[in-house]
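K.L.:
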Amino acid sequence: MENYYYTDGFATFFDSRYTGWVHTFSPRLADHLDRQGLPERSVIDLCCGTGVTASVFCAAGWQATGVDGSAAMLDIARKKLAPAVESGTLTLIEADARTFRTPRPAAACVSLDGALNHLGSVAELTQCFTSVREALLPGGEFIFDLYAGSHFRHWNNVTLTDDAEAVIVKRGVWDDGARTGMLRVSGVFGTGMAAERVDQTLRSWEYDDAEVAEALEAAGLVPAEHDFEQRYVKCDSGSCSLTPVPCRTIYRARKPLEEK
């Protein structure tokens, strides 16, 4: 997931402009997990970014562990959530989503906003899911979402953000046949002495339901139905208005109570 190790400038821009859906969905997610009869209120926020979801869980009284491969994203989370880190309510770990380890198992793991679309093959998806299973308590719950191709097709356009805080150009390509693409994000974000250079190249892959089910089964996780409302699978960013909705699928799986 080298393309997901966000640089300093892009991490700041991302935190300011691209966390709307996570802010909206995280309280609903915490409510769902509170009703599942889990053995304890502990959660791993995989690809936690700047800590939006972790902050919701910490505020609700959960013990949270945030895992991300980007030191820049974790730096923002550490500053924003300093009281939770200092109290031990939140632990932040810099690690690859495919091979992460946590100090102790948790009752739930979540990974939001298409973060796992950055994994480059079903084998890498399986590797990540295997790490999730190993990090969960028996009966633990795993909730994640993946973007559909409809989300990525706007990458075929050149888009410009030009306002008081940002001059950012996004340009890229998405191949529906190969179900992969890249996006280049460059420009300047911030004002005065706080202005930062934004320079990031992203790569993502699309996975269908069958491939996700295959990876979950290979990792020893059992798919489960969920009752998340349809409004949560729609994109909320302006750039995605260029493409059809819904733009994502939400998945739920559990670790068996007893290992085979």
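In terms of the UniProt record's numbering, the sequence shown opens at residue 1 and continues consecutively.
Glycine included, C-beta positions come from ideal geometry on N, C-alpha and C.
#1: Roughly how many whole angstroms lie between the Cα atoms of A224 and Y251?
#2: DSSP three-state call for A195: helix, strand or coil?
#3: Taking 7 Å as the threshold (C-beta atoms), are L183 and C109 in contact?
#4: Quick check: the stretch 100 to 107 against the stretch 132 to 141, are at least 3 beta-carbon pairs closer than 8 Å?
#5: Roughly how far, in whole angstroms, is the beta-carbon of A213 from the beta-carbon of F129, given that I think they are within contact range, below 8 Å?
#6: Taking the beta carbon of L160 as the centre, do at least 16 other beta carbons fall within 10 Å, making it buried, or is it exposed?
#7: For G181, count neighbouring Cβ atoms within 10 angstroms of its own Cβ and tell me buried if that reaches 16, exposed if not.
#8: Taking C-beta to C-beta, are L257 and G66 nearer than 7 Å?
#9: Can you tell me whether D87 is buried or exposed? The criterion is at least 16 other CB atoms within 10 Å of its CB, across all chains shown.
#10: Return the CA-CA distance between S26 and R35, expressed in angstroms with no decimal places.
#11: Which one or two residues does DSSP pair with I93 in a beta bridge?
#12: Suppose you measure from the CA of T201 to the CA of V169; what does that come to, to the nearest Å?
#13: Identify the residues that DSSP records as bridge partners of V43: which are they?
#14: Can you give, in chain order, each stretch of the alpha helix (DSSP H) that sits fully within the stretch 102 to 149 and has at least 4 residues?
#15: Pull up the distance between the alpha-carbon of R171 and that of R203, whole angstroms please.
#16: Go ahead and pull the three-state DSSP assignment for F14.
#17: Report the residue from R197, P246, G220 and D8 whose alpha carbon sits nearest the alpha carbon of A148.
#18: Could you compute how far the alpha carbon of D24 sits from the alpha carbon of D176?
#19: Of the residues G51, L221, C58 and Q63, which one's Cα is nearest the Cα of D113?
#20: Using DSSP with H/G/I as helix, E/B as strand and the rest coil, what is K160?
#21: Which residues bound the beta strand (DSSP E) around F189?
#22: Compute the distance between the beta-carbons of V85 and W62, then report whether it is under 7 Å.
#23: Where A71 and E94 are concerned, what is the direct C-alpha to C-alpha distance, given to the nearest angstrom?
#24: Kindly indicate the opening and closing residues of the beta strand (DSSP E) around R252.
#25: Among all the DSSP beta bridges, which residues are the ones paired with Q200?
P.N.:
Working from what's here:
#1: Along the sequence shown, one-based indexing puts residue 224 at 224. Along the sequence shown, one-based indexing puts residue 251 at 251. Each residue's Cα considered, the two are about 8 Å apart.
#2: For the purposes of this step, residue 195 is taken as residue 195 along the sequence shown, with counting starting at 1. The three-state reading of DSSP puts A195 in coil, since its state is none of H, G, I, E or B.
#3: Position 109 of the sequence shown holds residue 109. Position 183 of the sequence shown holds residue 183. With respect to the 7 Å criterion, C109 and L183 are not classified as neighbours on the basis of their beta carbons.
#4: They touch, by the three-pair rule.
#5: In the sequence shown, residue 213 corresponds to position 213, counting from 1. In the sequence shown, residue 129 corresponds to position 129, counting from 1. Between A213 and F129 the beta-carbon gap is near 11 Å, outside 8 Å, which marks them as no contact.
#6: The count along the sequence shown starts at 1 and reaches residue 160 at position 160. L160 is exposed by the Cβ-count criterion.
#7: Taking the first residue of the sequence shown as 1, we reach residue 181 at position 181. Classification of G181: buried, given that the 10 Å Cβ count is 16 or more.
#8: Position 257 of the sequence shown, counted from the first residue, corresponds to residue 257. Position 66 of the sequence shown, counted from the first residue, corresponds to residue 66. Cβ atoms of L257 and G66: not closer than 7 Å.
#9: Position 87 of the sequence shown, counted from the start, is the residue given in the question as residue 87. Note that residue 87 is Ser in the sequence shown, not Asp. The C-beta of S87 has fewer than 16 other C-beta atoms within 10 Å across all chains shown, which makes the residue exposed.
#10: Numbered from 1 along the sequence shown, position 26 holds the residue referred to as residue 26. Numbered from 1 along the sequence shown, position 35 holds the residue referred to as residue 35. Each residue's Cα considered, the two are about 15 Å apart.
#11: Against the sequence shown, residue 93 aligns to sequence position 93. V67.
#12: For the purposes of this step, residue 201 is identified with residue 201 of the sequence shown, where counting begins at 1. For the purposes of this step, residue 169 is identified with residue 169 of the sequence shown, where counting begins at 1. Answer to the nearest angstrom: the Cα atoms are 12 Å apart.
#13: On the sequence shown, residue 43 is found 43 positions in, with the first residue counted as 1. As computed with DSSP, V43 is found in a beta bridge with A64 and A108.
#14: List check, alpha helix (DSSP H) in window: 122 to 135.
#15: Position 171 of the sequence shown, counted from the first residue, corresponds to residue 171. Position 203 of the sequence shown, counted from the first residue, corresponds to residue 203. Their backbone Cα atoms lie some 12 Å apart in a straight line.
#16: Here the question's residue 14 lines up with position 14 in the sequence shown. It is helical.
#17: As a first step, residue 148 must be located in the sequence shown, where it is residue number 148. Out of R197, P246, G220 and D8, P246 has the C-alpha closest to the C-alpha of A148.
#18: Here residue 24 is taken as the residue at index 24 of the sequence shown, counted from 1. Here residue 176 is taken as the residue at index 176 of the sequence shown, counted from 1. Note on residue identity: the sequence assigns Thr, not Asp, to residue 24. Spanning the two alpha carbons is a distance of roughly 29 Å.
#19: One-based indexing of the sequence shown puts residue 113 at position 113. Ranked by Cα distance from D113, the first of G51, L221, C58 and Q63 is G51.
#20: The residue labelled residue 160 in the question sits at position 160 within the sequence shown. A small correction: the amino acid at residue 160 is Leu; Lys does not occupy that position in the sequence shown. Strand.
#21: Residue mapping note: residue 189 aligns to position 189 of the sequence shown, counting from 1. Counting along the chain, the unbroken beta strand (DSSP E) around F189 starts and ends at T180 to F189.
#22: The residue given as residue 85 occupies position 85 in the sequence shown. The residue given as residue 62 occupies position 62 in the sequence shown. Cβ atoms of V85 and W62: not closer than 7 Å.
#23: Here the question's residue 71 lines up with position 71 in the sequence shown. Here the question's residue 94 lines up with position 94 in the sequence shown. Cα-Cα distance, rounded: 7 Å.
#24: As a position in the sequence shown, residue 252 is number 252, starting the count at 1. Per DSSP, the unbroken beta strand (DSSP E) holding R252 starts and ends at R248 to R254.
#25: Residue mapping note: residue 200 aligns to position 200 of the sequence shown, counting from 1. DSSP lists V185 as the beta-bridge partner residues of Q200.
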